[in-house]
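What follows is a short report on a single structure.
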Amino acid sequence: MKNGEKLYTVTVDTKQGKRIVVLPKKQYDKVQKGQHIKIKNGVVE
Numbered sequence: 000m001k002n003g004e005k006l007y008t009v010t011v012d013t014k015q016g017k018r019i020v021v022l023p024k025k026q027y028d029k030v031q032k033g034q035h036i037k038i039k040n041g042v043v044e
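Residue numbers for the sequence shown follow numbering that gives the first Met the number 0, beginning at 0 and rising by one.
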């Protein structure tokens with residue numbers, strides 16, 4: 000993360016329940032509502 004960079008939160012449903020993931024703007028823009036995403040170590044793949 001860069002100094003002063005805005006972060007966005009996304010709620011993700013997992014097998015263990017709901018989880019909140021923090022993403023930078025660039026990755027946040029890739030995610031659409033209801034989309035299936037794969038997250039590995041907090042990074043959207």
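For each residue, glycine too, the CB sits at the ideal point set by N, CA and C.
I believe residue i touches residue j by the beta-carbon criterion, under 8 Å. Please report the beta-carbon distance rounded to the nearest angstrom.
i: Val-43; j: Val-30; result: 7 Å
i: Lys-24; j: Tyr-7; result: 7 Å
Can you check DSSP and say which residues form a bridge with residue i?
i: Tyr-7; result: Leu-22
i: Asp-28; result: Paired residues: none, contrary to the question.
i: Lys-17; result: Asp-12
Rounded to the nearest angstrom, what separates residue i and residue j at their Cα positions?
i: Ile-36; j: Ile-19; result: 13 Å
i: Ile-38; j: Thr-10; result: 12 Å
Please state whether DSSP places residue i in a helix, a strand or coil.
i: Ile-36; result: coil
i: Lys-1; result: coil
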